[in-house]
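Novice: This is the structure, below, for whatever I ask next.
Right, dumping it as structure tokens:
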């Protein structure tokens with residue numbers, strides 16, 4: 274199926290499973306649909322099965338969004354408790370489309386729980402409470418985490434009765450955009466077909482003799498963290514020069530922030546030197562950078578911003594980027610701000626999922642899970658940029674059930690392509706927009722689409738103004754947090770900007786005790802001149818005796 278056909282099926286409002294091999298543009302199609310929905314004011318929840326995948330989509334994990342956490346089941350009392358939370362009630366009332374990316378890693382028990390939660394909140398026994406469900410992923414990639422005694426049939430989402438009831442239209446993308454039509458493409462296609470020929474295997478093995486281009490210092494992929502960390506730290510130590518440290522700036526719901534710290538590939542603390550090999554971990558189209566672009570730190574520019582030389586000799590300033598978790602209305606729930614880099618002499622196969630690598634040295638000799646080898650090899654565009662350091666039998670294995678399912682998905686997608694009627698889907702799309710209460714006037718849609726492209730700063734400002742409105746009513750931080758469905762610490766952080774924007778406002782009721790403000794001010798004064806304010810640094814200077822919340826509140830009356 275083509276991307277255009279898939280997008281039109283998505284617009285029809287049907288439940289969709291979007292799949293295809295690595296590099297066929299699944300994420301591109303999702304982003305096109307998300308923009309389409311937002312331009313028409315149709316509430317969409319963007320989620321993923323893992324934190325890593327969620328950050329690629331600027332979404333949150335489905336576990337957090339649906340309130341299921343790590344549970345395997347929910348009883349009536351737990352459902353009532355969820356429904357009593359105002360922020361859960363609001364988002365569940367509004368949502369019309371739910372997207373779950375990297376569905377291969379979502380256990381079928383969790384999919385069933387999402388169905389249960391939506392039916393309960395929507396008071397609708399239709400699959401997923403009548404919400405359009407869009408699943409995206411490739412079951413040849415990493416599988417769900419389950420109990421050791423569970424087999425694939427008990428884990429994969431497509432084996433769930435919930436999946437069958439949802440009656441998905443299968444959109445199996447067929448055009449390859451990442452790999453060139455070379456030996457690597459052949460290897461991957463044969464792995465997916467479950468029959469790796471001797472010719473393909475020989476081509477793969479011969480890559481161990483490849484001499485990678487000198488201008489490209491290849492990333493090393495390993496299956497275990499211990500190998501990755503050791504290589505990166507040893508390589509950094511070998512470089513002479515001063516170490517520059519960058520600490521992430523975090524705002525919002527504490528639990529969501531903790532999840533982001535574990536999943537965002539730009540670490541909470543990053544140490545760099547001139548000469549360090551780095552990888553961009555964020556798509557930055559305006560700079561010609563994709564998630565996986567490799568380069569070398571050549572200098573630190575204005576405000577200590579790392580300057581990275583890419584392999585096409587272009588130089589990119591790695592300014593801090595923002596990773597956000599937003600609800601379906603676009604309201605910010607958590608913010609993680611950090612330079613979009615990580616040391617890239619080596620990374621794990623798991624962390625590489627979703628990346629496109631310029632060149633790689635891959636060690637699959639310790640592969641312990643089916644699908645790891647496929648994930649690692651599919652990161653590359655060409656076999657000529659692969660140097661295979663080792664491989665075991667497991668690395669070439671694809672789960673037998675995933676193979677059978679993919680064969681069926683291809684058949685169903687072919688049927689959908691043969692039955693594709695644009696005029697029919699267009700009518701269904703119009704009906705779906707009307708049922709969702711979305712915009713239909715072309716002029717209004719065009720205006721909104723334009724505003725969405727420039728929404729970032731405006732939305733940030735508006736959320737502070739909403740908080741300021743509550744503060745003017747002398748509401749407590751706890752009450753404001755409850756009203757807004759945010760954490761108290763997030764509201765405390767808002768006060769810093771509010772004080773700057775409204776210097777004459779009387780907000781003294783939120784000022785901490787004089788002793789605390791004095792302590793924070795002393796630590797703040799000791800920060801290096803010109804350096805961004807780091808809450809963590811102040812916290813450490815105060816020996817952990819002043820909470821992050823009080824630090825934020827104090828800074829509002831200092832900076």
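In our numbering, the protein residues as written are 274 to 832.
For each residue, glycine too, the CB sits at the ideal point set by N, CA and C.
Can you check the segment 336-394 for any alpha helix (DSSP H) of at least 4 residues that lies completely inside it and give the ranges in chain order?
Specialist: 349-356 and 359-367
Novice: Between residue 543 and residue 571, is the Cβ-Cβ spacing less than 9 Å?
Specialist: no
Novice: Rounding to the nearest angstrom, what Cα-Cα distance links residue 303 and residue 785 in this structure?
Specialist: Whole-angstrom Cα-Cα distance: 46 Å.
Novice: According to DSSP, is residue 274 part of a helix, a strand, or is it coil?
Specialist: coil
Novice: Measure the alpha-carbon distance for residue 729 versus residue 318 and round it to whole angstroms.
Specialist: Confidence is the limiting factor: at residue 729 the pLDDT is only 49, short of 50, which leaves the residue's position unreliable, though a coordinate-based value still follows. Those two C-alpha atoms are separated by around 18 Å.
Novice: Taking only three categories from DSSP, how would you classify residue 422?
Specialist: coil
Novice: In or out: residue 622 buried (at least 16 other Cβ within 10 Å) or exposed?
Specialist: buried
Novice: Would you call the segment 388-396 and the segment 358-370 touching, i.e. three or more CB-CB distances under 8 Å?
Specialist: yes
Novice: Leaving out five residues on either side along the sequence, give the residues of the same chain with a beta carbon under 7 Å from the beta carbon of residue 280.
Specialist: The beta carbon of residue 280 lies closer than 7 Å to those of 302, 305 and 306 in the same chain, with the five residues before and after it left out.
Novice: Helix, strand or coil: how does DSSP classify residue 458 here?
Specialist: Residue state, collapsed to three classes: helix.
Novice: Can you tell me where the beta strand (DSSP E) holding residue 434 begins and where it ends?
Specialist: It is not in any beta strand (DSSP E) - residue 434 instead sits in the alpha helix (DSSP H) that spans 434-439.
Novice: On the three-pair Cβ rule with 8 Å, is the segment 602-611 touching the segment 512-528?
Specialist: Under the three-pair Cβ rule at 8 Å, the segment 602-611 counts as touching the segment 512-528.
Novice: With DSSP collapsed to three states, give me the class of residue 502.
Specialist: helix
Novice: Could you say which of 448, 349, 496 and 407 lies nearest to residue 297 if we only look at CA atoms?
Specialist: 448
Novice: Once you ignore the five residues that flank residue 831 on each side, which residues in its own chain have a CB closer than 8 Å to its CB?
Specialist: 790, 793, 794 and 797
Novice: Whole angstroms are fine: how far does the CA of residue 468 sit from the CA of residue 666?
Specialist: Answer to the nearest angstrom: the Cα atoms are 14 Å apart.
Novice: Using the rule of at least 16 other Cβ atoms within 10 Å of the residue's Cβ for burial, across every protein chain shown, is residue 774 buried or exposed?
Specialist: exposed
Novice: When you compare the CB positions of residue 378 and residue 422, do they come within less than 9 Å of one another, or not?
Specialist: No; because the gap between Cβ atoms is not below 9 Å, this pair is not in contact.
Novice: DSSP has residue 610 in a bridge; who is on the other side?
Specialist: 522 and 595
Novice: Using CA atoms only, rank isn't needed, just tell me which of 823, 829 and 812 is closest to residue 520.
Specialist: Among 823, 829 and 812, the Cα nearest to that of residue 520 belongs to 812.
Novice: Nearest to residue 290 by alpha carbon, out of 628, 431, 349 and 340?
Specialist: 431
Novice: Taking just the CA atoms, how far does residue 465 sit from residue 754?
Specialist: 49 Å
Novice: What is the rounded straight-line gap between the Cα of residue 246 and the Cα of residue 650?
Specialist: Past the edges of the chain, shown from 274 to 832, lies residue 246, and the structure says nothing about it.
Novice: Roughly how many whole angstroms lie between the Cα atoms of residue 732 and residue 670?
Specialist: Caution is warranted here: a pLDDT of 47 is assigned to residue 732, below 50, making its placement in the model unreliable, and the coordinate value is therefore given only provisionally. Roughly 47 Å between the two C-alpha positions.
Novice: Beta carbon of residue 675, beta carbon of residue 416: below 9 Å?
Specialist: Yes.
Novice: Would residue 498 be called buried (16 or more neighbouring beta carbons within 10 Å of its own) or exposed?
Specialist: Counting Cβ neighbours within 10 Å, residue 498 comes out exposed, since fewer than 16 surround it.
Novice: Candidates 713, 688 and 314: which alpha carbon is nearest residue 699's?
Specialist: 713
Novice: Helix, strand or coil for residue 623? Go by DSSP, reduced to three states.
Specialist: helix
Novice: Tell me which residues share the same chain as residue 769 and place their Cβ nearer than 8 Å to its Cβ, disregarding the 5 neighbours each side in the sequence.
Specialist: 825, 828, 829 and 832
Novice: If we count the other Cβ atoms within 10 Å of its Cβ and call it buried at 16 or more, is residue 613 buried or exposed?
Specialist: buried
Novice: When the distance is taken between beta carbons, is residue 554 closer than 9 Å to residue 573?
Specialist: no
Novice: What are the boundary residues of the alpha helix (DSSP H) that includes residue 681?
Specialist: 673-691
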